[in-house]
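Participant: Just passing along the structure, written as structure tokens.
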Amino acid sequence: SQSLIKKLEKIERIEIDNEDVSKFNIRFQPSVTPGKVIFEAENLGKAYGDKQVFDHVNFFVQRGEKIALLGQNGQGKTTLAKILAGVTKDYTGSWTLGHNVNIGYFAQNQEEVLDPNKTVLQEAEDAATEETRPRVRDLLGSFLFQGDAVSKKTKVLSGGERNRLALCKLLLRPFNTLIMDEPTNHLDIQSKEIIKLALQNFEGTLIVISHDREFLQGLCDKIFEFRDGQMKEFLGNIDEYLDYRQKESIREVSIEKAKLSEKPEIKEKTEPVKTEPAKNTFISKEQKNLQNKLKKAEEKIADYEAEIAGLEEIFSKTNPTDEELKKYNQLKEELAEIMKEWEEIMGNLE
Ligand SMILES: Nc1ncnc2c1ncn2[C@@H]1O[C@H](COP(=O)(O)OP(=O)(O)OP(=O)(O)O)[C@@H](O)[C@H]1O
Ligand SMILES: [Mg+2]
Numbered sequence: 007s008q009s010l011i012k013k014l015e016k017i018e019r020i021e022i023d024n025e026d027v028s029k030f031n032i033r034f035q036p037s038v039t040p041g042k043v044i045f046e047a048e049n050l051g052k053a054y055g056d057k058q059v060f061d062h063v064n065f066f067v068q069r070g071e072k073i074a075l076l077g078q079n080g081q082g083k084t085t086l087a088k089i090l091a092g093v094t095k096d097y098t099g100s101w102t103l104g105h106n107v108n109i110g111y112f113a114q115n116q117e118e119v120l121d122p123n124k125t126v127l128q129e130a131e132d133a134a135t136e137e138t139r140p141r142v143r144d145l146l147g148s149f150l151f152q153g154d155a156v157s158k159k160t161k162v163l164s165g166g167e168r169n170r171l172a173l174c175k176l177l178l179r180p181f182n183t184l185i186m187d188e189p190t191n192h193l194d195i196q197s198k199e200i201i202k203l204a205l206q207n208f209e210g211t212l213i214v215i216s217h218d219r220e221f222l223q224g225l226c227d228k229i230f231e232f233r234d235g236q237m238k239e240f241l242g243n244i245d246e247y248l249d250y251r252q253k254e255s256i257r258e259v260s261i262e263k264a265k266l267s268e269k270p271e272i273k274e275k276t277e278p279v280k281t282e283p284a285k286n287t288f289i290s291k292e293q294k295n296l297q298n299k300l301k302k303a304e305e306k307i308a309d310y311e312a313e314i315a316g317l318e319e320i321f322s323k324t325n326p327t328d329e330e331l332k333k334y335n336q337l338k339e340e341l342a343e344i345m346k347e348w349e350e351i352m353g354n355l356e
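Letter by letter, the sequence shown follows residues 7 to 356 of our numbering.
Put into structure tokens, the structure is as follows:
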């Protein structure tokens with residue numbers, strides 16, 4: 007089972023510099039664990055007057071996914087974010103919110119969200135919980151609101167200041183789902199890096215709208231692409247997506263008009279699990295039971311992997327249907343569960 011151990015290690019390794027995050031003390035608050043499905047949209051549509059922005063949009067988002075939402079200007083990314091965040095209530099079709107989901111929303115246009123007559127400090131304190139309130143001034147300080155800057159009314163803030171305040175607010179309250187609409191606008195490279203690190207450490211679900219390739223790389227592993235009023239899903243990170251699209255930057259993809267036929271990026275295939283040969287030694291009944299359990303778990307894992315590989319084979323030839331994608335994601339989820347079980351059994355064996 008050596009290869010499986012390596013695989014588990016790979017899954018758990020997070021490539022970030024923790025020191026930086028703790029230095030700035032910038033961490034999202036832990037929140038309750040929501041259900042497995044965070045959002046499910048069915049035939050979602052939105053029109054402003056007689057202008058149909060999008061229609062018949064279907065997707066679902068699972069717990070823990072980190073999704074980049076891309077699309078040309080005016081495709082309706084902000085409109086969709088507002089629907090999911092509960093800000094926009096008149097739409098067609100339906101969408102459901104999973105159990106125990108609490109959403110932190112970063113609006114593209116902070117003027118619509120911030121109270122113009124509140125000060126920076128008031129806005130932050132209103133967003134804080136009893137637990138985080140004592141840290142409000144420190145956090146504001148880390149976001150460069152020092153001294154008198156905290157008494158400025160939000161209506162006199164620059165775009166960059168508004169965004170920094172909005173980020174502070176998200177850090178002061180526990181959320182398990184973040185919807186962020188162009189959170190890095192007006193931010194310098196270092197601030198972007200700090201936010202990215204905090205988001206990489208964030209254990210919840212993320213949907214982020216951004217045109218910033220560096221920011222998205224290493225952060226998101228799934229792409230939702232809005233195009234011609236439709237939503238397409240890609241399994242893969244931003245580099246893979248752009249490779250697939252053969253485009254240097256996201257803006258280039260955004261201005262490209264031609265319709266291509268898409269297929270999803272295929273995740274690397276996993277090897278089937280091999281069972282260790284039984285050792286010819288005396289072992290306790292309990293250990294023997296565990297070994298049996300282990301063997302069963304490994305057989306299950308192999309079955310799942312075969313089924314997943316089968317779907318990937320299909321996906322490499324034709325566009326997956328929603329049903330197939332759903333099935334695929336479900337299999338992956340179930341596989342992860344069994345891997346966890348397997349890991350526990352392994353732990354007990356030693
Ligand atoms: N309140 C509104 N009233 C009328 N039309 C609107 C309104 N809000 C957005 N629109 C229109 O809906 C379309 C989608 O806008 P939206 O802001 O969702 O796009 P976007 O993908 O977020 O664009 P961007 O990349 O520029 O942020 C645009 O054509 C926009 O002009
Ligand atoms: Mg927008």
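Cβ coordinates follow ideal geometry from the N, Cα and C atoms, glycine included. Source: prediction; values computed, not measured.
#1: Taking the beta carbon of VAL142 as the centre, do at least 16 other beta carbons fall within 10 Å, making it buried, or is it exposed?
#2: Counting pairs of Cβ atoms below 8 Å between the segment 123 to 139 and the segment 172 to 191, do you hit three or more?
#3: According to DSSP, simplified to helix, strand and coil, what is GLU239?
#4: Need the endpoints of the beta strand (DSSP E) that ASN64 sits in, please.
#5: Quick one: using the 10 Å Cβ neighbour count with 16 as the cut-off for buried, is GLY353 buried or exposed?
#6: For a test of the three-state rule: what should DSSP assign to ALA113, helix, strand or coil?
#7: Along the alpha helix (DSSP H) that carries THR102, what are the first and last residues, could you check?
#8: Under a three-way DSSP split, which group does ASN182 fall into?
#9: Could you tell me the alpha carbon to alpha carbon distance between ALA312 and ILE344, rounded to whole angstroms?
#10: Is it right to say GLU329 is buried, meaning 16 or more other beta carbons lie within 10 angstroms of its own, or is it exposed?
#11: Any idea what DSSP makes of ALA87, helix, strand or coil?
#12: What's the call for ALA342, buried or exposed, on a 16-neighbour Cβ count within 10 Å?
#13: Examine ligand 3 and report whether any of its heavy atoms sits within less than 6 Å of the Cβ of GLN114.
#14: By a C-beta neighbour count over all protein chains shown, 10 Å radius and 16 as the cutoff for buried, is GLN336 buried or exposed?
Facilitator: Taking the definition as stated:
#1: Translated into the one-based positions of the sequence shown, residue 142 becomes position 136. Classification of VAL142: buried, given that the 10 Å Cβ count is 16 or more.
#2: yes
#3: Within the sequence shown, numbered from 1, the residue matching residue 239 stands at position 233. In the structure shown, GLU239 sits in a strand (DSSP, three-state: E or B).
#4: The sequence position of residue 64 within the sequence shown is 58, counting from 1. Taken as a continuous stretch (DSSP letters only), the beta strand (DSSP E) holding ASN64 covers 57 to 68.
#5: Translated into positions along the sequence shown, residue 353 becomes position 347. Looking at its Cβ environment, which holds fewer than 16 other Cβ atoms inside 10 Å, GLY353 is exposed.
#6: Within the sequence shown, the letter at position 107 stands for residue 113. In the structure shown, ALA113 sits in coil (DSSP, three-state: anything other than H, G, I, E or B).
#7: Translated into positions along the sequence shown, residue 102 becomes position 96. Premise fails: THR102 lies in the beta strand (DSSP E), 98 to 103, not in any alpha helix (DSSP H).
#8: As a first step, residue 182 must be located in the sequence shown, where it is residue number 176. ASN182 falls in the coil class under three-state DSSP.
#9: In the sequence shown, the residue the question calls residue 312 occupies position 306. In the sequence shown, the residue the question calls residue 344 occupies position 338. Each residue's Cα considered, the two are about 14 Å apart.
#10: Your numbering for residue 329 matches position 323 in the sequence shown. GLU329 should be labelled exposed.
#11: Against the sequence shown, residue 87 aligns to sequence position 81. ALA87: helix per DSSP, three-state reduction.
#12: By 1-based counting over the sequence shown, the position of residue 342 is 336. By the 10 Å Cβ count, ALA342 comes out exposed.
#13: Ligand 3 is absent from the structure shown, which contains only ligand 1 and ligand 2.
#14: By 1-based counting over the sequence shown, the position of residue 336 is 330. Counting Cβ neighbours within 10 Å, GLN336 comes out exposed, since fewer than 16 surround it.
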